[in-house]
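Throughout the sequence shown, residue numbering follows the numbering used here, covering 178 to 1053 in sequence.
Read the structure below first, then the notes.
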Amino acid sequence: MTPKHSFRSYLLHTGLFWILCCFSHLSLHSQVSGPSPSISIQSSSIEVGQVLAEISRQAGVDFSYNSKLIDPDKRISFSVEQASLKETLDQLSKILRLRYTIIDGQVIFNALKKKDRWVNITGFLSDLASGESLIGSMVGLKELARGAFTNEFGYYSISVKPGRYTLVYAHIGYERVEKLIEIGSDIQADVALPPKSYNMPEVVIEPALKDIMNKKMLGELELNPDQLRGMPEFAGEAGLVNGLQSLPGIKTHSDGSAFFYSRGGERDQNVIIIDDAPIYNPSHLFGFYSMYIPDFAKNVKVYKSDMPAMVGDRLSSIVSIRTKDGNLNNVKLSGAINPFVYRLSLESPIVKKKSSLFMTFRRSNFEWVYRRSFPELDLNFMDIQLKLNHKINDKNRLYMTTIWGSDVLQDRSSENSRTGILWINVAASLRWNHIFGPKLFSNTTLYTGNYVNRLFLTPNYWVSGLGMGGLKSDFTHYATPSFQSRFGFDFQGYSFDPGSVSIDSAIAILPSIQPNYSRKNVVYYQARWDVRKKIRINAGVRLLNWGSRGPATYYTFDDQYEVEDTVSVGDGVFNEYVNLDPRLSVQYQLSPSSQLKLSFGRYHQYLHQVSNSTSPFTTLEVWLPATPNVQPQSSRQWSLSYLTFLPDQKLEISAAAYYKTLSNQIDYEPHAITYLNPLIEGELRFGETKSYGIEFLLKKDFGRLNGWMGYTYSRVFRQTEGLNEGRRYRAFQDRPHDFSMLIHYQIRKRLLLSTYWTSYSGSTFSSPTGFLRFNDQSVPIYGERNNDRLPAYHRMDVSLQWKLNRYDTNPFQHNLTFSINNFLAHQNIHAIKFNRIPGANASPVVQANVLSEEALRTSQVALVRFLPSITYRFTL
């Protein structure tokens, strides 16, 4: 205590002594023979010494305490009304974090026993240069050899017993910071880490083994945006889908496609979420480019199994992207220029160290490729992505994210009539982070996601789309060092347009298709419990109620899928599905460097993408909700995962085996009509899918040579009543073998070589087993569904990154990247078409009996054979 405090304490205690002497007889009589005293004190700001004096005056008690425990000048908020002495002292001791005893009318305050209480260290971790929050950073206590990791907003919370500790803050790519603190009560310690300077972004500093193992969550993968930027490019962009394809268990559709499949699921069973807002079609240029821009992203997390209860309703995978907050300290401009695409990004503080703006713009630039041959053609895509970040105070932060992307393909040869296709994605979220206390953190989000595609012949058009809006609130409770939970709610509303048409009077009347409206209500709970040092249990449950809303008209079908009745309903919910989805996993620490995890999860999905085509191009999808005729899809997945880390070799080795069963899987009646069809639900068939496989990953994150190599063996089989004579058949995404490898090698200080190789079994397809001559036309005859397989896919991409700066201290940084997509020019077939070539006797030709290759001629479709590109990047 300072001398000033000591003098004030002396005066206060002297005054209290004379007051108590004057009223000692009355107080003693009151305590012994009178009724229990009633105490009333109401103040939002009062000194502790004044509170003690008021309690003494009203209750006739004296106080005894060590002056190091109580500062009488400290101001607190204190409120009691007609309270007993015990109730008053209980409240005061809780505020002061002390314990008390009463002996002979004297209240004695003492410090809590260390074993009786915990204190909390909380705070945000950020980049010292930009103020950007750091996700997944390690915050450790050196003396206890344990700690925590920052969440997706850079927040951490650690519970410890009072004492002196050395706090260690670490993040890959940043200087390690240590702080010695004496903690006796809850504190908030916000820390900014200084970034390290590296020759290339892929060469990083190795963290401690324990930090590596504590951060690993088997079944959950993280992609660093720096790693994606280091991958070989396709026409100026690395893209998210290429990064996902390099991971075991995830397969892409083919070249030129943004579709991907995870552990045997369908393409609509994956969702990409950017700052909690869903993106329903993440593709540009029919799938050659992705809406994802690495410069805008801070963290990419992929869930393939053991999906947490707070994320949502997809059967196969969830890709969650957190975007950069924006520079709080300095203006930063960056960009990239390529013959095919260019982009610019701006980061700037609005109020220094308090609010910031991040904006990025991207547009295609390949008009020069086709303009001379097709002067009236207009083909382009564009992205605008915006992020606002505002720090209200230490306990409240606001974030706003807006994402807009569009594609246009049109013929402008006629001023009055244009033909083409347009598709647009719009997503936005407004998020509020709030710290209720040292143990409770919340994130409340208002968000929306919209997708629309439009096929037009002016003034006529066909349009289909999906729009949604939601409100969710997620709470994280740091109960104890060994127990943490997340819980919350999510309310969503949906609008579906399966395909509306606007036509002029010259065109025949087309059928009218009604829009659909639905709502979804979710509550969830997820807990992580470190039972012992070696055992960690994750358990969660997701309770969901899905409802179809009117007014609406729908059809009922008989066993032959013919219309049985037409039902019209009014406003309100007319059909509901309620499901409870549990998730459970047990992770065991086999040794300091190895882990084993067993998980089980049950999942439901209420959105269905309908497209009776295996084309890789992604524009004209139709989305349908769960309705009385279309039940929700469901799946169950068992997964066993193993991971070990070899410190000397700096290698991570992991393996995972899984088994999935999926129900209510959509297939189609042969020659089904999925567009402009009001009876589209009658074209659908529902069956079962089984998927199983084993995945291997060898990864090296640190050092001059780094990267990863993965292999997957998997099988996917479907069985649908009424199709393939009811027999089991291979799914389109059944590709038994899948191998990928990504290698980064720093040749010199400013020269980085990257190579990516992928090879996998070809997709299945249905090939004719013969041909029938009918009315001078050759008609193919098909047997078993997906009875054939395309040739195996192979592709090698190479890039060389040359850093043009000699010194890292220069604020202007720039580099050149030379890339070649499909370096070996391998012809990868994504479709085969059969053309009947009549023989001399005009008899049908059966493929299995053909001895001459000329009797049956096929046409094959391949896309990119060899594509070089050069990209110039700069930052200032």
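Just so it is clear, CB atoms sit at the ideal spot from N, CA and C, and this is done for glycine as well.
**Asked** How would you label V528, buried or exposed, when you count the other beta carbons within 10 angstroms and need 16 or more for buried?
**Response** On the sequence shown, residue 528 is found 351 positions in, with the first residue counted as 1. Exposed, by the Cβ-count rule.
**Prompt:** Can you tell me where the beta strand (DSSP E) with R234 in it begins and where it stops?
**Reply:** For the purposes of this step, residue 234 is identified with residue 57 of the sequence shown, where counting begins at 1. Under the DSSP assignment, R234 falls outside any beta strand (DSSP E), being part of the alpha helix (DSSP H) whose first and last residues are 225-236.
**Asked** At which residue ranges does the segment 932-980 contain complete beta strand (DSSP E) runs of 3 or more residues, listed in the order of the chain?
**Response** 945-951, 954-959, 970-980
**Request:** Could you name the residues of the same chain whose beta carbon sits closer than 8 Å to that of P372, not counting the 5 residues immediately before and after it, in chain order?
**Result:** Position 195 of the sequence shown holds residue 372. Same-chain partners within the cutoff: D304, L305, A306, G350, Y351, E352.
**Asked** With a CB to CB cut of under 7 Å and the five nearest residues on each side skipped, what residues in its chain are close to H1003?
**Response** Locating residue 1003 in the sequence shown gives position 826, where the first residue counts as 1. Once the five neighbours on either side are set aside, the close Cβ partners of H1003 are H971, R972.
**Asked** Which residues in the same chain as F184 place their Cβ atom closer than 8 Å to its Cβ, once the five residues preceding and following it in sequence are excluded?
**Response** Residue 184 sits at position 7 when you count from the first residue of the sequence shown. Only weak support is given to the placement of F184: the predicted model assigns it a pLDDT of 39, under 50, and the question is left unresolved by the model.
**Item:** E592 versus S583: straight-line alpha-carbon distance, rounded
**Value:** Locating residue 592 in the sequence shown gives position 415, counting from the first residue. Locating residue 583 in the sequence shown gives position 406, counting from the first residue. When rounded, the distance between both Cα atoms is 22 Å.
**Message:** Using only CA atoms, which one of F863, E414, S938 lies nearest to N542?
**Reply:** On the sequence shown, residue 542 is found 365 positions in, with the first residue counted as 1. The option with the nearest alpha carbon to N542 is E414.
**Prompt:** Which of the three DSSP states, helix, strand or coil, is assigned to C198?
**Reply:** Residue mapping note: residue 198 aligns to position 21 of the sequence shown, counting from 1. A caution first: C198 carries a pLDDT of 41, below 50, which makes its placement in the model unreliable, though a value can still be read off. Here C198 sits in helix by DSSP.
**Prompt:** From S532 to K568, what does the alpha carbon distance come to, in whole angstroms?
**Reply:** Reading the sequence shown from its first residue, position 355 is the one you call residue 532. Reading the sequence shown from its first residue, position 391 is the one you call residue 568. C-alpha separation (whole angstroms): 6 Å.
**Request:** With Q268 as the anchor, note down where its alpha helix (DSSP H) starts and where it stops.
**Result:** Start at 1 with the first residue of the sequence shown, and residue 268 comes out as number 91. From DSSP, the alpha helix (DSSP H) with Q268 extends over 262-273.
**Request:** Kindly confirm or deny that the segment 751-758 and the segment 735-742 touch, where touching means at least three C-beta pairs closer than 8 Å.
**Result:** Judged by pairs of C-beta atoms under 8 Å, the segment 751-758 does not touch the segment 735-742, as fewer than three such pairs exist.
**Item:** Among P552, S497, E860, nearest to M484 - alpha-carbon criterion
**Value:** The residue you call residue 484 lines up with position 307 of the sequence shown. The shortest Cα separation from M484 among P552, S497, E860 belongs to S497.
**Request:** Please determine, among G340, D915, Q422, the residue with the shortest C-alpha to C-alpha distance to G361.
**Result:** Taking the sequence shown and counting its residues from 1, the one referred to as residue 361 is at position 184. Of the candidates G340, D915, Q422, the one whose C-alpha sits nearest the C-alpha of G361 is G340.
**Asked** Since H785 and I850 are thought to touch, with beta carbons under 8 Å apart, how far apart are those beta carbons, to the nearest angstrom?
**Response** Within the sequence shown, residue 785 is the residue found at index 608, counting from 1. Within the sequence shown, residue 850 is the residue found at index 673, counting from 1. About 16 Å separates the two Cβ atoms, so there is no contact after all.
**Item:** Three-state class that DSSP yields for L632 in the structure shown
**Value:** Here the question's residue 632 lines up with position 455 in the sequence shown. Strand at L632.
**Message:** So, does the segment 696-709 touch the segment 825-832, judging by three or more C-beta pairs under 8 Å?
**Reply:** no
**Message:** For a test of the three-state rule: what should DSSP assign to Q1004, helix, strand or coil?
**Reply:** Here residue 1004 corresponds to residue number 827 of the sequence shown, with the count starting at 1. Residue state, collapsed to three classes: coil.
**Asked** Of the residues V354, I449, D250, S431, which one's Cα is nearest the Cα of N999?
**Response** Translated into the one-based positions of the sequence shown, residue 999 becomes position 822. Of the listed residues, the one whose Cα sits closest to N999 is S431.
**Asked** How would you write the range of the beta strand (DSSP E) that D239 sits in, first residue to last?
**Response** Mapped onto the sequence shown, residue 239 falls at position 62. Run containing D239: 239-241, per the beta strand (DSSP E) assignment.
**Request:** Check each candidate in K501, H1007, Q990, L617 and name the one with the smallest Cα separation from P968.
**Result:** If you number the sequence shown from 1, residue 968 lands on position 791. The shortest C-alpha separation from P968 is found at H1007.
**Request:** Taking only the alpha-carbon atoms, compute the straight-line gap between S261 and P214 and give it to the nearest angstrom.
**Result:** Within the sequence shown, residue 261 is the residue found at index 84, counting from 1. Within the sequence shown, residue 214 is the residue found at index 37, counting from 1. About 6 Å.
**Request:** May I ask whether a heavy atom of the ligand ZN can be found less than 8 Å away from the beta carbon of T1048?
**Result:** Although the ligand ZN was asked about, the structure shown includes no ligands whatsoever.
**Prompt:** Is Q814 closer than 9 Å to F863 when the C-beta atoms are compared?
**Reply:** The sequence position of residue 863 within the sequence shown is 686, counting from 1. The sequence position of residue 814 within the sequence shown is 637, counting from 1. Not closer than 9 Å, so no.
**Asked** Buried or exposed: where does T343 fall if 16 or more other Cβ atoms within 10 Å of its Cβ makes it buried?
**Response** As a working note, residue 343 is residue 166 in the sequence shown. Result: exposed.
**Asked** First and last residue of the alpha helix (DSSP H) that includes D403?
**Response** Residue 403 sits at position 226 when you count from the first residue of the sequence shown. Where D403 is concerned, the enclosing alpha helix (DSSP H) starts and stops at 402-406.
**Request:** Kindly identify the DSSP beta-bridge partner or partners of N476.
**Result:** Sequence index remark: in the sequence shown, residue 476 carries index 299 (1-based). R499.
**Item:** the segment 906-914 in contact with the segment 925-944 per 3-pair CB rule at 8 Å
**Value:** yes
**Asked** Helix, strand or coil for N901 per DSSP?
**Response** Here residue 901 refers to the residue found at position 724 of the sequence shown. Residue state, collapsed to three classes: helix.
**Request:** Tell me the start and end of each unbroken beta strand (DSSP E) in the segment 413-469 that is at least 3 residues and wholly inside, in chain order.
**Result:** 427-429, 437-439, 447-451, 454-456
**Asked** Given F436, which residues of its chain have a CB within under 6 Å of its CB, disregarding the five upstream and five downstream residues?
**Response** Here residue 436 is taken as the residue at index 259 of the sequence shown, counted from 1. H430, R444, listed in sequence order.
**Message:** If I follow the unbroken beta strand (DSSP E) through E359, where does it start and stop?
**Reply:** Start at 1 with the first residue of the sequence shown, and residue 359 comes out as number 182. Unbroken beta strand (DSSP E) run through E359: 354-360.
**Prompt:** Start and end of the beta strand (DSSP E) containing Y738?
**Reply:** Residue mapping note: residue 738 aligns to position 561 of the sequence shown, counting from 1. Counting along the chain, Y738 falls outside any beta strand (DSSP E), and DSSP gives it neither H nor E.
**Asked** Excluding sequence positions up to five away, which residues of its chain have a Cβ less than 8 Å from the Cβ of S771?
**Response** In the sequence shown, residue 771 corresponds to position 594, counting from 1. Excluding positions up to five away in sequence, the list reads Y819, L820, T821, F822.
**Message:** Our contact map puts S220 next to F255 with C-beta atoms below 8 Å; I'd like the distance itself, whole angstroms only.
**Reply:** Position 43 of the sequence shown, counted from the first residue, corresponds to residue 220. Position 78 of the sequence shown, counted from the first residue, corresponds to residue 255. Right, the Cβ-Cβ distance comes to about 6 Å (below 8 Å), so this counts as a contact.
**Request:** Please list, in chain order, all residues of the same chain as Y519 whose beta carbon is under 6 Å from its beta carbon, the five residues on each side excluded.
**Result:** Here residue 519 refers to the residue found at position 342 of the sequence shown. These residues qualify, in order along the chain: N542.
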